[in-house]
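Asker: Below are the structure tokens for one structure; questions will follow.
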Amino acid sequence: MRHVVRLAISSIFLLLLFHNSPVYGKVYIDIDSPSFQKFPIAITEFKSLRPGAETGDFPVWFADTLSRNLLITGYFNVIDRRAFLEDPSRAGITGEGTRFADWTTIGAEYLIKGGFQADGRQLIAEFRLFDVMKGELIVGKRYTGTTDDKNRIVLQFANEVLQALTGEAGLFDTRIAFVKKNISAADLYTSNFDGSDLRRITSYNSLTLAPRWSPDGRQLAFTSYKDGKPDIYLRDLVTEKTEKITSYPGLNLPGSWSRDGTRLLVTLSRDGNQEIYDMTVGNRLLQRLTREFSIDVSPVRSPDEKRIAFVSNRNGSPQIYIMDADGGNVRRLTFEGNYNTSPAWSPKGKMIAYEGSIDGRFQIFVINEEGGAPQQLTFAGGDHESPAWSPDGRYLAYSVRGYGRSRIEIMNSNGQNSRVLHEGNDGCLSPFWSPHLR
Amino acid sequence: MKRNMFWVGLIALVLCLSVTFLTGCAKKAAVKSDTATTQEQKAVTKAPSTDDQAAAAAAREKALREQALREQAEKEAAAKAAKEAAEKAKKEAAEKAKAILKELQIPDIHFDYDKYNLKPEAQAILKAGAPAYLKYSGYKLVVEGHCDERGTVEYNLALGQKRADEAAKYLADLGIQKERIKTISYGKEMPLDKESNEAAWAKNRRAHFVIFPPVK
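Just so you know, the sequences run in chain order A and B. To convert, note that position 221 of the first sequence is 221 in the working numbering; the numbers rise steadily by one, no gaps. In the working numbering, each residue carries its 1-based index in the second sequence increased by 1000.
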């Protein structure tokens, strides 16, 4: 996923074929609003661009793969193809051959049509997204590559659709790291945004916890007991080399990175008590930020890096606090409940997600950094823990455990459309979302 | 009277003759036996040159063998004794070490939910446990801090560290050098009891003490 798509993507904006298209790039609907309704979209089977040529599985494969990837985003209702009224043998794949009334009748607001041409290994694919109500083309693209690139070609267009309808590209080039724990060991794994391509990152037969993806996506910071005590390590995901970066007596836990990747917030107990430090990764220099004889842990930076949210029990129970980046101006953020931990600062700005205890269970909440009433996002049974934002701030990954099962779930940031990323009898813990891995 | 004399004379003659005869016979027998003796002597004189030497060598060998056996037996006995002594010493040392370890083993202390202050019963356990460490100054200990399964991985790691630190500090205050006490937190990752109920949680919220004997 992260390697550069080698295919030469020639994107032809087919907009020229049509008259007015000022809608391109416009954000249609605020998908972050709690009242957001999913986009009803129809996706037809793809047609061969060379009439009479052997089509193979391509017509259905393109339609199904594109449908699946759009469904994962939680923003679309993909209309069942059996409900379609249009006669595919007579309709073309451009706007000219499309009777939009056939699509409004079945409730579609958006329509995707496509064509392909496969010559041996060479593959050409065209996609067009229409606004059904207006009878207009929104975006059209043509890609050329090999048949090996077909998945990436579909994801590229899915990104275009998201960009056009929501104003932001999708997350198909991101991965999620998490911890899988059995009786004797805990190790790091990563998977794609849709749960596919699960990869094991560590195999230390020890406790390995708290993955923190570096801003360039190349490294994972984590804590492992592999040398008998909890130390912080850096794993280079390209070279697969691992380096120990702190090994102070007691606890060594990573927090969040700086955007430029030069500094890492860490929790250390080396000075006789858990304190938060800002470490320069290159020379391991530490700047101490907290000085309280209480627990201070789980530091996360605000997107502008001017503030840090963290957990402290300085007033008796674990609560979320915010301080300035230099450790000054500490104020308490959460007041409801007696156990609020695991802060995660939205990359979009002001919202902080965390887990809080309510009625004996842990649920995910969000709260504005200015304070105010927290909003509860999860309500199901079991414990919901360790929220982590997607890089676009539109989704939260978190762990759920209870009833003998454990899983990593993803939901839209308004709390809707939760789906399972990974599930097992083993403990699935501490998800952390990668940046875009281009 | 004359007749008597005759019989006496006759008897004497007969006696004489019989003596002569008997002597002659005896001589022959003697000669015969002499020959036998000579033959025997011949055999005896022949032995020192061949058979006698072999016998002596055999005897010597036998003696050596016996001595070797004796020595080996002595050696084995000594080795056995030494081994037994060593085993006994080892066993005694092991028992002693075991006894010391038993003396040094501090039972787990327990904490309230989300707390790390030492309860009076925990303090009593530490007070009872500390003197052994003052007595056996070569021994070190690691204090493990553990939590129950509720709550966050990270916060519990911090909480477990706090529990271990509190216990370590208390032991240091009781006179055990700080350098001999290490702490480690396992957070909620290593529960003793995997059940999800109050009894299990109470068991799992603990500090556990691991003894490290002196390195020889």
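Backbone N, C-alpha and C define an ideal beta-carbon position, used for all residues, glycine too.
Does the beta carbon of A:Thr267 sit closer than 9 Å to a beta carbon anywhere in chain B?
Answerer: Yes, A:Thr267 lies at the interface with chain B (some Cβ there is under 9 Å from its Cβ).
Asker: With three or more C-beta pairs closer than 8 Å as the rule, is the region 1159-1177 of chain B touching the region 1067-1086 of chain B?
Answerer: The region 1067-1086 of chain B is not in contact with the region 1159-1177 of chain B.
Asker: Could you give the residue range of the alpha helix (DSSP H) that holds B:Val1153?
Answerer: Element bounds for B:Val1153: 1153-1173.
Asker: With DSSP collapsed to three states, give me the class of A:Gly424.
Answerer: Of the three classes helix, strand and coil, the one that applies to A:Gly424 here is strand, per DSSP.
Asker: Quick check on the DSSP output: the alpha helix (DSSP H) that includes B:Glu1071 runs from which residue to which?
Answerer: 1051-1104 is the extent of the alpha helix (DSSP H) around B:Glu1071.
Asker: Do you know whose CA, among A:Phe222, A:Thr55, A:Asp131, lies nearest A:Asp119's CA?
Answerer: Of A:Phe222, A:Thr55, A:Asp131, the residue nearest in Cα terms is A:Thr55.
Asker: What does a CB cutoff of less than 6 Å around A:Lys226 pick up in its chain, not counting 5 residues either side in sequence?
Answerer: So the list reads Tyr204, Ser206, once near-sequence residues are dropped.
Asker: Go to A:Leu220, then tell me how far its alpha helix (DSSP H) extends in each direction, as first and last residue.
Answerer: It is not in any alpha helix (DSSP H) - A:Leu220 instead sits in the beta strand (DSSP E) that spans 219-224.
Asker: Taking only the alpha-carbon atoms, compute the straight-line gap between B:Ala1056 and B:Glu1074 and give it to the nearest angstrom.
Answerer: Distance between the alpha carbons of B:Ala1056 and B:Glu1074: 26 Å.
Asker: According to DSSP, A:Ile352 sits in a beta bridge with which residue or residues?
Answerer: DSSP output for A:Ile352 lists A:Trp345, A:Ile367 as bridge partner(s).
Asker: Report the partner residues of A:Gln319 according to the DSSP bridge assignment.
Answerer: Its beta-bridge partners are A:Ser312.
Asker: In the DSSP assignment, the alpha helix (DSSP H) including A:Tyr75 goes from what residue to what residue?
Answerer: Taken as a continuous stretch (DSSP letters only), A:Tyr75 belongs to no alpha helix (DSSP H), as it is neither H nor E.
Asker: Taking A:Pro435 and A:Pro391 to be in contact with their CB atoms under 8 Å, please state how far apart those CB atoms are, rounded to whole angstroms.
Answerer: Rounded, the Cβ-Cβ distance is 5 Å, consistent with contact.
Asker: Between A:Phe293 and A:Ala309, what straight-line distance do the alpha-carbon atoms span, to the nearest angstrom?
Answerer: Their backbone Cα atoms lie some 18 Å apart in a straight line.
Asker: What are the start and end residues of each continuous alpha helix (DSSP H) run of 4 or more residues lying completely inside the region 39-87 of chain A, in chain order?
Answerer: Taking only runs of at least 4 residues, the alpha helix (DSSP H) segments lying wholly in the region 39-87 of chain A are 58-72.
Asker: Would you kindly report the start and end of the unbroken beta strand (DSSP E) that includes B:Ile1184?
Answerer: 1181-1187 is the span of the beta strand (DSSP E), which, as asked, contains B:Ile1184.
Asker: Give me the DSSP bridge partner(s) of A:Ser191.
Answerer: According to DSSP, which records beta bridges pairwise, A:Ser191 is partnered with A:Ile176.
Asker: Closer than 7 Å by C-beta to A:Ala325: which residues in its own chain qualify, once you throw out the five before and the five after it? Chain order, please.
Answerer: Closer than 7 Å at Cβ, skipping near neighbours: Glu305, Lys306, Arg307, Ile308.
Asker: Once DSSP output is grouped into helix, strand and coil, what is the label at B:Cys1025?
Answerer: Legend: pLDDT at B:Cys1025 = 45, less than 50; position of this residue unreliable, no value from coordinates given.
Asker: Locate the alpha helix (DSSP H) running through B:Gly1129, then write down its first and last residues.
Answerer: Here the alpha helix (DSSP H) through B:Gly1129 covers 1120-1135.
Asker: Please state whether DSSP places B:Val1210 in a helix, a strand or coil.
Answerer: Three-state result, B:Val1210: strand.
Asker: Considering A:Ala164, what are the terminal residues of the beta strand (DSSP E) in which it resides?
Answerer: No beta strand (DSSP E) holds A:Ala164; the alpha helix (DSSP H) holding it covers 150-166.
Asker: Which partner residues does B:Ala1202 have in the DSSP bridge list?
Answerer: DSSP output for B:Ala1202 lists no bridge partner at all.
Asker: What are the start and end residues of the alpha helix (DSSP H) that includes A:Asp102?
Answerer: Note, A:Asp102: alpha helix (DSSP H), 100-105.
Asker: Give every residue of the same chain whose Cβ lies closer than 7 Å to the Cβ of A:Thr290, excluding the five residues on either side of it in the sequence, and list them in chain order.
Answerer: Within the same chain, A:Thr290 has close Cβ partners Glu275, Ile276, Asp296, Gly327.
Asker: Does any residue of chain B have a CB that is nearer than 9 Å to the CB of A:Leu207?
Answerer: With 9 Å as the cut-off, A:Leu207 counts as an interface residue toward chain B.
Asker: Kindly examine the ligand SAM and report whether one of its heavy atoms sits closer than 8 Å to the Cβ of B:Lys1119.
Answerer: In the structure on display, the ligand SAM does not appear, and there are no ligands present to speak of.
Asker: Got a sec: is the Cβ-Cβ distance from B:Leu1157 to anything in chain A below 9 Å?
Answerer: True, the Cβ-Cβ gap to chain A drops below 9 Å.
Asker: B:Gln1177 CB to nearest chain E CB: under 9 Å?
Answerer: The structure shown contains no chain E; its protein chains are A and B.
Asker: Can you confirm whether the region 117-135 of chain A touches the region 169-183 of chain A when touching is taken to mean that 3 or more C-beta pairs between the two stretches lie within less than 8 Å?
Answerer: No, because fewer than three Cβ pairs between the region 169-183 of chain A and the region 117-135 of chain A fall closer than 8 Å, the two stretches do not touch.
Asker: From this set, A:Gly402, A:Leu111, A:Tyr398, A:Gly316, which residue's C-alpha is nearest A:Ser418's C-alpha?
Answerer: When only C-alpha atoms are compared, the closest one is A:Tyr398.
Asker: Using a Cβ distance threshold of 8 Å, determine whether the region 1121-1130 of chain B contacts the region 1181-1199 of chain B, with at least three qualifying pairs required.
Answerer: Contact fails: fewer than three Cβ-Cβ distances are below 8 Å.
Asker: Whose C-beta lies closer than 6 Å to the C-beta of B:Gly1145 among residues of the same chain, with five residues either side of it excluded?
Answerer: Same-chain partners within the cutoff: Gly1160, Gln1161, Arg1163, Ala1164, Ser1185, Ala1207.
Asker: Can you list the residues of chain A that B:Gly1151 reaches, using a CB-CB cut of under 7 Å?
Answerer: Under the 7 Å cutoff, chain A gives Tyr339, Thr341.
Asker: Which of the three DSSP states is assigned to A:Lys241 in this structure?
Answerer: Correct three-state label for A:Lys241: coil.
Asker: On the three-state DSSP scale, how would you describe A:Thr267?
Answerer: In this structure, A:Thr267 counts as strand in the three-state DSSP scheme.
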